[in-house]
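**Q** What follows is a structure written as structure tokens; I'll ask about it next.
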Amino acid sequence: MPALVSVPAACLLVGGSLATLPYAGLTRGAVVGLLAFVGRWVGICAWLSFLVAVPAGAVVWLGRGVASRLGWPGRGTADRRRRRRLRWAFAAGLGAVGLVAGIAGGSYLIRYSFRNAEEAVAETDALDPDWRLDDLMATREEVPDDENSAMIVADVVDLLPEGWPQKPSREPGLPEAETDGPLDAATALERAEEAEESRSLPEDVATAIGDELDTLAEEVEMAREVADYERGRHELELGPILIDTLLPETQAARGVARLLRADALVSAHDGTIDEALDSCRAILGVARSIGDEPFAISQLVRTAIDVLAVQTARRALAQGEASDEALAALQDLILDEYDRPRLRYALRGERAILFEVIRRVAEGELPFEALAGAKGPDGGPPPVRSLSGLTIVGGWYQTSVALRWFNELIAIPDLPEEEWRDALAAYKARVEAVKESRLGPYIATLPLLMMPAASAILDTELRVRAELGSAAVLVAAERQRRATGAWPASAAEIDDEFLNAGAPLDPYTGEPFRMEHVDGLLHVYSIGPNLRDEHGSYDPKKWGRFEADDDVGTVGYDPELRGRPPRADAETANGAAPP
491 MPALVSVPAA CLLVGGSLAT LPYAGLTRGA VVGLLAFVGR WVGICAWLSF
541 LVAVPAGAVV WLGRGVASRL GWPGRGTADR RRRRRLRWAF AAGLGAVGLV
591 AGIAGGSYLI RYSFRNAEEA VAETDALDPD WRLDDLMATR EEVPDDENSA
641 MIVADVVDLL PEGWPQKPSR EPGLPEAETD GPLDAATALE RAEEAEESRS
691 LPEDVATAIG DELDTLAEEV EMAREVADYE RGRHELELGP ILIDTLLPET
741 QAARGVARLL RADALVSAHD GTIDEALDSC RAILGVARSI GDEPFAISQL
791 VRTAIDVLAV QTARRALAQG EASDEALAAL QDLILDEYDR PRLRYALRGE
841 RAILFEVIRR VAEGELPFEA LAGAKGPDGG PPPVRSLSGL TIVGGWYQTS
891 VALRWFNELI AIPDLPEEEW RDALAAYKAR VEAVKESRLG PYIATLPLLM
941 MPAASAILDT ELRVRAELGS AAVLVAAERQ RRATGAWPAS AAEIDDEFLN
991 AGAPLDPYTG EPFRMEHVDG LLHVYSIGPN LRDEHGSYDP KKWGRFEADD
1041 DVGTVGYDPE LRGRPPRADA ETANGAAPP
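The sequence shown begins at 491 in my numbering and counts up one residue at a time.
Put into structure tokens, the structure is as follows:
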């Protein structure tokens, strides 16, 4: 009896594996994978048969003994042998049926998976002819050396002390009063981040940062030049697994942006607001040096630097008044960066990388273990010793899933901004349904691993567009205030001379950014993902949770509130804490 189950089951699995050979080719990896798969499942079936055969044999033996003692007639030896041969012949017949069924079923699944993959590839070719990784790398924008801001950024990185800025020398939790000696630059920069933006820096903080910048005068001067560059390109070297690609120059650009922020802080403290805004433009130039790198992490670094630039500009404008020329130059650069297709760069790159990873795994060029960090003897990915039929079939099917999911995600930015959020929510719901299904985690493993990060990029882009857009509107409002002596009552009342009709809108609603002038502060803001007007209240820790305080935006100050003394100094002079 056990053989009647185990033999056809094993043959069914063997047949399914044999069906993959015409598609995998008679490569060593495919043959070894087939033998390993067959051996594994034949062994499992044999073991299960053994587990069933032992108790079944014991029952038969006991039954015969009882029948003999009771005098019941039993079958003769010849009869038992004949019945045993019939059982084995029947099992062999079932095995042949299982083998044929396995080959037929396997061939159908393979053709179905292959056809799905071909259709998905054809759909993607029609939507985006140059979508494959090799094409993306080959069609990146060529930037002449004399126009390449990335080369300037790389030169500054080479000149900066390694790891700049260093961590503060003060031990965590140590009271400031117990700090011995002059303030170190790292601690000063940390305190500058905590300072109220409409008040001057404490003198010891400004002095420490200024002294540090004096030692880095060459680096600062070179970094400022990036403001006048429109584009950049870092050369990329793809890692053997692709997802292990290092982006050292891209990541190091953050250090140059922090250097320029420090420069802007000191310039604003000294009252040279135009120079501070020039440094803000240079920070945006550092972001643009990343260019069209087809990696999500590259574009996330770019957006982080964008946010740093507008936050620095906000502090600079809270310290004093800039000329209209400086304001206009900053506004133009913010609007230019607002329109750059960062999201498209990131999503096209992630799609191409996922497709290429799945292809390499399915074709035996890359072992699945390498995706979990396994290394070979040479430190690279481990060698492919075998390739199972399931990997081939699963690879093709996952290719179709990955491409269609990414194509749907990449199409979202073509919608009006205010529709992105609902389209993304519907997309996430469909992906989650696959994840929660019985087979989804097994037949769409790699797409499910990649999709959360890919969809998070779109969430981040919405927030960055709110940051950049509100900053551009604030600068336009400041220009109008300088010209007329009063803040505009709303974004719609800003004159076309300062903000044209194509100005950014709230990405969450498609309406103009909200604007409120309260207690000497002009709030310019988006109502955020919760779609509730909270009058500019914003807590970054709550953003994206659909809770309160998610009105992404910026703040401008009435002239009399700008550049006030630090709070402790003001309290000493006036005997009370000013607002």
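We put the beta carbon where it would ideally sit given N, CA and C, even for glycine. Here the structure is a predicted model, which means the values were calculated and not measured.
DSSP puts Gly1043 in a beta bridge; with which residues?
**A** Paired residue(s): Tyr1015.
**Q** Bridge partners of Val1008, per DSSP?
**A** Note: Val1008 sits in a beta bridge opposite Leu1011.
**Q** Look at the Cβ atom of Ala786, then the Cβ atom of Leu844, and state whether they are nearer than 8 Å.
**A** No; because the gap between Cβ atoms is not below 8 Å, this pair is not in contact.
**Q** From Ala678 to Ala698, what does the alpha carbon distance come to, in whole angstroms?
**A** Roughly 6 Å separates the two Cα atoms.
**Q** Check the C-beta distance from Ala961 over to Val791 and give it rounded, since I have them as a contact under 8 Å.
**A** In fact, because the Cβ distance is near 19 Å, the residues do not count as touching under 8 Å.
**Q** Go to Tyr932, then tell me how far its alpha helix (DSSP H) extends in each direction, as first and last residue.
**A** Note, Tyr932: alpha helix (DSSP H), Gly930 to Ile933.
**Q** Leaving out five residues on either side along the sequence, give the residues of the same chain with a beta carbon under 6 Å from the beta carbon of Leu964.
**A** Result list for Leu964: Val1014, Thr1044 and Gly1046, in chain order.
**Q** By how many angstroms is the C-alpha of Thr935 removed from the C-alpha of Pro873?
**A** The predicted position of Pro873 is uncertain, since its pLDDT is 48 and thus under 50; a value taken from the coordinates is nonetheless stated next. Approximately 22 Å between the Cα atoms of the pair.
**Q** Counting only the same chain and skipping the five closest in sequence on each side, list residues whose C-beta sits under 6 Å from that of Ile824.
**A** Excluding residues within five positions, the ones whose Cβ falls inside 6 Å are Leu958, Ala961 and Ala962.
**Q** Using CA atoms only, rank isn't needed, just tell me which of Ser788, Pro730, Met712 and Pro784 is closest to Arg744.
**A** Considering only alpha carbons, the answer is Ser788.
**Q** Would DSSP call Tyr835 helix, strand or coil?
**A** Note: Tyr835 maps to helix in three-state DSSP.
**Q** Taking just the CA atoms, how far does Ala943 sit from Arg841?
**A** Computed Cα separation, rounded: 12 Å.
**Q** Just confirm the distance between the C-beta atoms of Arg849 and Thr802, as a whole number of angstroms; I'd bet it's less than 8 Å.
**A** Between Thr802 and Arg849 the Cβ distance is about 43 Å, and since that is not below 8 Å, they are no contact.
**Q** What residues are listed by DSSP as bridge partners for Arg571?
**A** DSSP lists no partner for Arg571.
**Q** If you draw a straight line from the alpha carbon of Ser945 to that of Gly583, how long is it in whole angstroms?
**A** One C-alpha to the other measures close to 52 Å.
**Q** Determine which residues share a DSSP beta bridge with Asn1074 and list them.
**A** No statement about residue 1074 is possible, as the shown extent of the chain runs from 491 to 1069 and does not include it.
**Q** Less than 8 Å between the beta carbons of Arg804 and Ile773, yes or no?
**A** No.
**Q** Would Asn638 be called buried (16 or more neighbouring beta carbons within 10 Å of its own) or exposed?
**A** Looking at its Cβ environment, which holds 16 or more other Cβ atoms inside 10 Å, Asn638 is buried.
**Q** Once DSSP output is grouped into helix, strand and coil, what is the label at Arg630?
**A** Reduced to three states, the DSSP call for Arg630 is coil.
**Q** How many Å lie between Gly585 and Tyr598 at the Cα?
**A** Between Gly585 and Tyr598, the C-alpha separation is close to 20 Å.
**Q** Hey, which unbroken runs of the alpha helix (DSSP H) at 4 residues or more fall wholly within the stretch 735-810?
**A** Within the stretch 735-810, the complete alpha helix (DSSP H) runs of at least 4 residues are 738-759, 763-778 and 786-807.
**Q** With DSSP run on the structure shown, which of helix, strand or coil describes Tyr598?
**A** Tyr598: helix per DSSP, three-state reduction.
**Q** Using only the alpha-carbon positions, how far apart do Leu649 and His724 sit?
**A** Looking at the two C-alpha atoms, the distance is approximately 17 Å.
**Q** Do Leu995 and Glu907 come within 8 Å of each other at the CB atom, strictly closer than that value?
**A** Taking 8 Å as the Cβ cut-off, Glu907 and Leu995 qualify as a contacting pair.
**Q** Using CA atoms only, rank isn't needed, just tell me which of Leu905, Glu909, Leu899 and Asp904 is closest to Arg920.
**A** Per the Cα distances, Leu899.
**Q** When DSSP labels each residue in this structure, what does Tyr887 get in the three-state scheme?
**A** Three-state DSSP puts Tyr887 in a helix.
**Q** Given a cut-off of 8 Å on the beta-carbon distance, is the pair Ser688 and Ala808 in contact?
**A** Closer than 8 Å, so yes.
**Q** With the cut-off set at 8 Å, would you say Ala747 and Ile780 are in Cβ contact?
**A** Contact: no.
**Q** Could you give the first and the last residue of the continuous alpha helix (DSSP H) run that contains Asp814?
**A** From DSSP, the alpha helix (DSSP H) with Asp814 extends over Asp814 to Asp829.
**Q** Using CA coordinates, which residue listed in Thr999, Ala973 and Tyr998 is at the minimum distance from Phe988?
**A** Per the Cα distances, Ala973.
**Q** What's the call for Gln656, buried or exposed, on a 16-neighbour Cβ count within 10 Å?
**A** It counts as exposed.
**Q** At which residues does the alpha helix (DSSP H) containing Leu691 begin and terminate?
**A** No alpha helix (DSSP H) contains Leu691, which DSSP labels as neither H nor E.
**Q** Mind checking Gly885: buried by the 16 CB within 10 Å criterion, or exposed?
**A** Under this definition Gly885 is a buried residue.
**Q** Relative to the C-alpha of Pro937, which residue among Gly1026, Ile947 and Lys925 is closest?
**A** Answer by Cα proximity: Lys925.
**Q** Indicate whether Arg834 and Ala610 have their beta-carbon atoms separated by less than 8 Å.
**A** It is not a contact, given that the beta carbons lie outside the stated cut-off.
**Q** Just to confirm, is the Cβ distance from Ser769 to Arg681 under 8 Å?
**A** No.
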